[in-house]
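Have a look at the structure below, then the notes.
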Amino acid sequence: MNNQAMRVLARFNRHVTNPAFRAVAAHVPGYANVVHTGRRTGRRYRTPVGITWQRNELRIALNYGMHSDWVKNVLAADSLTLDHRGKRITLTEPRVAQIGGRDFLLATIPR
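Under the working numbering, the residues of the sequence shown are numbered -3 to 107, in order.
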């Protein structure tokens, strides 16, 4: 899919899919809600995402690119909170990296 088609899909997901999935994402294996604060609004948001773990490092594939609002919010805050499987996990050092030619948001569980 080209970038324009992905942005259209992202808008659809933001308004239709995400609100429906947000309630269950934190309880489904391989998914979680990223809790973040808006850079301009100061409002708290929960965004459902697919996740994987590599030891104590969280990996979230940036399917819509690193210019999504939630990614910008997390990078600006330099931390994020994850609602996952009944737990609230705070992660630090969020950064974007390419792995296998794809962009990922990486973050670390503090020791």
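Ideal Cβ positions, reconstructed from N, Cα and C, are used throughout, including at glycine.
In the three-state reduction of the DSSP assignment, L76 falls in the strand class, which pools E and B.
Going by C-alpha positions, N59 is about 24 Å away from R39. Per DSSP, T13 has no beta bridge partner at all. The C-alpha of L78 lies about 11 Å from the C-alpha of G46. If you check the CB distance, R55 and T48 come in under 8 Å.
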